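Only one structure is covered here, and it is reproduced in the block below.
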Amino acid sequence: LKPDAGMLLGSPANADPVEAHDVQPEQLDIATGMYLIEEATTLTIRRPEHTWAGLRSFVADGDLVAGYAADAEGFFWVAA
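Residue numbers (the working numbering): -8 to 71.
If you want it as structure tokens, here you go:
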């Protein structure tokens, strides 16, 4: 949950394995995210203004991948 353009951006932060495709938000994931936000805060969510889904990549252990770039001196990158 974080502020975004005068509103709040929330996510159930699920990590369901799927093949790459034109992913769309699942109604159950939207409801779960709303429920979890309401349980963790004093907010009441009537309905989301917008919904979105995206694909993310994960490494096997779920940790961050980080290191200095070999081709850019002093540049340190982090990927989740």
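Where a beta carbon is used, it is the ideal one built from N, C-alpha and C, also for glycine.
Since this is a predicted model, take the numbers as computed values, not measurements.
{"query": "Please classify Gly58: does DSSP put it in a helix, a strand, or coil?", "result": "strand"}
{"query": "For Leu(-8) versus Val14, is the C-beta distance shorter than 8 angstroms?", "result": "no"}
{"query": "Exposed or buried, what is Gly58 when buried is set at 16 or more other beta-carbons lying within 10 Å of its beta-carbon?", "result": "exposed"}
{"query": "Enumerate in chain order the residues of its own chain whose CB-to-CB distance from Met(-2) is below 7 angstroms, with the five nearest sequence positions on each side excluded.", "result": "Glu40"}
{"query": "Using the rule of at least 16 other Cβ atoms within 10 Å of the residue's Cβ for burial, across every protein chain shown, is Gly24 buried or exposed?", "result": "buried"}
{"query": "From Phe49 to Ile21, what does the alpha carbon distance come to, in whole angstroms?", "result": "21 angstroms"}
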